[in-house]
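Chemist: Residue numbers (our numbering): 86 to 412. By construction, the Cβ of each residue, glycine as well, lies at the ideal position given by its N, Cα and C atoms. Every value quoted in this text rests on a predicted model; they were computed, and no experiment measured them. Attaching a single structure in structure tokens format; questions to follow.
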Amino acid sequence: MKILTFDIGGANTKKMLINFGNRADGDRTQIQKDEIHYFPAWKKKAEFESFLKGLNEKADFVGITMTAELSDVFRNKMEGIDFLLSCCETVFDRPFYLSVDKEVLRFDEIKNPLKLAAANFAASIYYLETEYSQGILLDIGSTTTDIIPFIKGEKLYENTDLQRLKKGQLVYTGFLRTPLSSIVKKVPINGHPVGISSEYFAITADIYNILGLLEDYTCETPDGRGRSIRDSYARVSRVVCADLGEITEQELVTICEHIKDRQISDIKENLEKVSSEFGIKDIYVCGTGAVLGKEACNRSGLVYHRVACRNLPCLGLSCMVRDNVCR
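Printed below as a string of structure tokens:
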């Protein structure tokens, strides 16, 4: 049985194709495709349907989860959900949609479309509950960080992004696309705190590019220029209103290390909040920024477990669709 799943975000669309083998015959499950495609919905909304068509594959079933409805190209979430549903119904043959209640629904089964909004973490939780029974999911992506508690058979998470922000289960900080001015207001230069500009000059992809932690600079750059380390140095220098001739590379490395430290502290603070509320110390870390999650766990004295999957929502959704059609 082949199952194709998509996690449609405002900036990145993740895709996974899994062939679930016949267990009775000893066939092993194989992940045949695991891809991340950069597609800025706020710029290319009119091209979205053709973009999806280009990602389609021959499969027995298709599963969809979405967060792109939050993009400001839509006036509200409902408008975004309607648009995404229309595109998906056109491109795919009777796909399943994930709800925040951990249900997979055909289009004609959807009673409250708003429950499809930002539900991708529910698929991750479904997978983790099956594998580990209880813990906290720490998924650090390009744009946001999910901190979701789980105990098999119970529902511990909040339903909406707003509710999750209030409870510390969602932190709007990521490994690639977060503007530096949203993390710090001052940085150290020669041991002295210096205020920074609030312009969109550099993002976290630039600091992790400089620090050697970034495997692939997959998003757009703030200035539309290159993705080399030299380009990142230039962008970070502008955060303190300087050119490369006015500030040394070592000073810029110190700035990057300071911002990294503050970002980890923000994640740690919310992680400790969720851990304390539910009394759970086992943390299951995934996402492009998993390296930050490991440090946040170490600083908190929590138990770090690495989940070796960069695309956990699609993996979990694939399992949900399989279990739904096979029950």
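Exposed or buried, what is threonine 175 when buried is set at 16 or more other beta-carbons lying within 10 Å of its beta-carbon?
Modeler: Here residue 175 refers to the residue found at position 90 when the sequence shown is read from its first residue. Label assigned to threonine 175: exposed.
Chemist: What is the rounded straight-line gap between the Cα of leucine 213 and the Cα of methionine 405?
Modeler: Counting from 1 along the sequence shown, the entry for residue 213 is found at position 128. Counting from 1 along the sequence shown, the entry for residue 405 is found at position 320. The alpha-carbon atoms of leucine 213 and methionine 405 are separated by roughly 12 angstroms.
Chemist: Please classify arginine 323: does DSSP put it in a helix, a strand, or coil?
Modeler: For this step, residue 323 is matched to residue 238 along the sequence shown. Helix, per DSSP.
Chemist: How many Å lie between phenylalanine 168 and lysine 162 at the Cα?
Modeler: Within the sequence shown, the letter at position 83 stands for residue 168. Within the sequence shown, the letter at position 77 stands for residue 162. If I take the Cα positions, the gap works out to 10 angstroms.
Chemist: In whole angstroms, give me the CA-to-CA distance for threonine 373 and aspartate 178.
Modeler: Counted from its first residue, the sequence shown places residue 373 at position 288. Counted from its first residue, the sequence shown places residue 178 at position 93. Taking the straight line joining both Cα atoms gives about 31 angstroms.
Chemist: Sort Val158, Ala202 and Arg384 by Cα distance to leucine 170 and report the nearest one.
Modeler: Sequence index remark: in the sequence shown, residue 170 carries index 85 (1-based). When only C-alpha atoms are compared, the closest one is Ala202.
Chemist: Determine the direct distance from the alpha carbon of leucine 265 to that of tyrosine 302, and round the result to whole angstroms.
Modeler: For the purposes of this step, residue 302 is taken as residue 217 along the sequence shown, with counting starting at 1. For the purposes of this step, residue 265 is taken as residue 180 along the sequence shown, with counting starting at 1. Going by the C-alpha atoms only, they are around 16 angstroms apart.
Chemist: Could you pull out every unbroken alpha helix (DSSP H) segment of at least 4 residues lying fully inside the region 358-401, listed in chain order?
Modeler: Counting only runs of 4 or more, we get 375-385.
Chemist: Could you tell me which uninterrupted alpha helix (DSSP H) segments, each at least 4 residues in length, are contained entirely in the region 271-306, listed from first to last along the chain?
Modeler: Listed in chain order, they are 289-295.
Chemist: Just verifying my parser: in three-state terms, what is the DSSP assignment at valine 189?
Modeler: Position 104 of the sequence shown, counted from the start, is the residue given in the question as residue 189. It is a strand residue.
Chemist: Can you give the Cα-Cα distance for methionine 443 and cysteine 173, rounded to whole angstroms?
Modeler: Summary: the structure shown does not reach residue 443, with the chain confined to residues 86 through 412, and so no result is reported for it.
Chemist: Under the rule that 16 or more other beta-carbon atoms within 10 Å means buried, what is proline 180, buried or exposed?
Modeler: By one-based count along the sequence shown, residue 180 stands at place 95. By the neighbour-count rule (16 or more Cβ atoms within 10 Å), proline 180 is buried.
Chemist: What separation, rounded to the nearest whole angstrom, lies between the Cα atoms of leucine 190 and lysine 196?
Modeler: Here the question's residue 190 lines up with position 105 in the sequence shown. Here the question's residue 196 lines up with position 111 in the sequence shown. So the alpha carbons of these two residues sit roughly 10 angstroms apart.
Chemist: Considering only the alpha carbon of each residue, which of Val388, Arg320, Leu377 and Lys200 lies closest to arginine 347?
Modeler: As a working mapping, residue 347 is identified with position 262 in the sequence shown. For arginine 347, the nearest C-alpha among the options comes from Leu377.
Chemist: Pick out whichever of Thr263, Ile221 and Glu300 has its Cα sitting closest to the Cα of phenylalanine 363.
Modeler: One-based indexing of the sequence shown puts residue 363 at position 278. Nearest C-alpha to phenylalanine 363: Ile221.
Chemist: The beta strand (DSSP E) that contains glycine 148, what's its start and end?
Modeler: Taking the first residue of the sequence shown as 1, we reach residue 148 at position 63. From DSSP, the beta strand (DSSP E) with glycine 148 extends over 146-151.
Chemist: When the distance is taken between beta carbons, is leucine 183 closer than 7 angstroms to alanine 208?
Modeler: By one-based count along the sequence shown, residue 208 stands at place 123. By one-based count along the sequence shown, residue 183 stands at place 98. Going by C-beta atoms, alanine 208 is nearer than 7 angstroms to leucine 183.
Chemist: For glycine 220, does the three-state DSSP call read helix, strand or coil?
Modeler: Walking along the sequence shown from the start, residue 220 turns up at place 135. It is a strand residue.
Chemist: In three-state DSSP terms, what is proline 198?
Modeler: Within the sequence shown, residue 198 is the residue found at index 113, counting from 1. DSSP places proline 198 in helix when its eight states are reduced to three.
Chemist: Can you tell me where the beta strand (DSSP E) with tyrosine 98 in it begins and where it stops?
Modeler: Along the sequence shown, read from residue 1 onward, the residue named residue 98 stands at position 13. A quick correction: the sequence has threonine, not tyrosine, at residue 98. Residues 97-104.
Chemist: Beta-carbon within less than 8 angstroms of leucine 329's beta-carbon, same chain only, minus the 5 sequence neighbours each way: which residues are those?
Modeler: Here residue 329 is taken as the residue at index 244 of the sequence shown, counted from 1. Here the set comprises Tyr318, Ala319 and Ser322.
Chemist: From glutamine 219 to phenylalanine 91, what does the alpha carbon distance come to, in whole angstroms?
Modeler: One-based indexing of the sequence shown puts residue 219 at position 134. One-based indexing of the sequence shown puts residue 91 at position 6. So the alpha carbons of these two residues sit roughly 26 angstroms apart.
Chemist: Closest to proline 278 by CA distance: which of Ile233, Val269, Tyr217 and Glu284 is it?
Modeler: Numbered from 1 along the sequence shown, position 193 holds the residue referred to as residue 278. It is Val269.
Chemist: Roughly how many whole angstroms lie between the Cα atoms of leucine 199 and isoleucine 332?
Modeler: In the sequence shown, residue 199 corresponds to position 114, counting from 1. In the sequence shown, residue 332 corresponds to position 247, counting from 1. Distance between the alpha carbons of leucine 199 and isoleucine 332 is about 49 angstroms.
Chemist: Could you name the residues of the same chain whose beta carbon sits closer than 7 angstroms to that of glycine 253, not counting the 5 residues immediately before and after it, in chain order?
Modeler: Translated into positions along the sequence shown, residue 253 becomes position 168. Correct list, in chain order: Ile232, Asn355, Lys358 and Val359.
Chemist: Helix, strand or coil for valine 256? Go by DSSP, reduced to three states.
Modeler: For this step, residue 256 is matched to residue 171 along the sequence shown. Valine 256 falls in the strand class under three-state DSSP.
Chemist: Tyrosine 318 by DSSP, collapsed to three states: which one?
Modeler: By one-based count along the sequence shown, residue 318 stands at place 233. The answer is helix: DSSP assigns tyrosine 318 an H, G or I state.
Chemist: Whose C-alpha, out of Ser361, Ala126 and Ala144, is nearest the C-alpha of isoleucine 103?
Modeler: Against the sequence shown, residue 103 aligns to sequence position 18. When only C-alpha atoms are compared, the closest one is Ala144.
Chemist: Run through DSSP, which three-state label would isoleucine 344 get?
Modeler: For this step, residue 344 is matched to residue 259 along the sequence shown. Residue state, collapsed to three classes: helix.
Chemist: Do you know offhand how far arginine 262's Cα is from threonine 229's?
Modeler: In the sequence shown, residue 262 corresponds to position 177, counting from 1. In the sequence shown, residue 229 corresponds to position 144, counting from 1. Spanning the two alpha carbons is a distance of roughly 9 angstroms.
Chemist: Have a look at Ser361, Cys394, Lys353 and Asn396 and flag the residue whose alpha-carbon is nearest the alpha-carbon of lysine 379.
Modeler: By 1-based counting over the sequence shown, the position of residue 379 is 294. Per the Cα distances, Lys353.
Chemist: In chain order, what residues of the same chain lie with their CB nearer than 6 angstroms to the CB of cysteine 399, ignoring the 5 residues before and after it?
Modeler: Translated into positions along the sequence shown, residue 399 becomes position 314. Closer than 6 angstroms at the Cβ level, and outside the excluded window around cysteine 399, lie Thr90, Asp92, Lys99 and Met101.
Chemist: Once DSSP output is grouped into helix, strand and coil, what is the label at aspartate 119?
Modeler: For the purposes of this step, residue 119 is taken as residue 34 along the sequence shown, with counting starting at 1. Strand at aspartate 119.
Chemist: Rounded to whole angstroms, what's the CA-CA distance from aspartate 119 to valine 147? Just pull it up for me.
Modeler: For the purposes of this step, residue 119 is taken as the residue at position 34 of the sequence shown. For the purposes of this step, residue 147 is taken as the residue at position 62 of the sequence shown. Distance between the alpha carbons of aspartate 119 and valine 147: 14 angstroms.
Chemist: Spell out the partners DSSP gives phenylalanine 159 in its beta bridges.
Modeler: For the purposes of this step, residue 159 is taken as the residue at position 74 of the sequence shown. According to DSSP, which records beta bridges pairwise, phenylalanine 159 is partnered with nothing at all.
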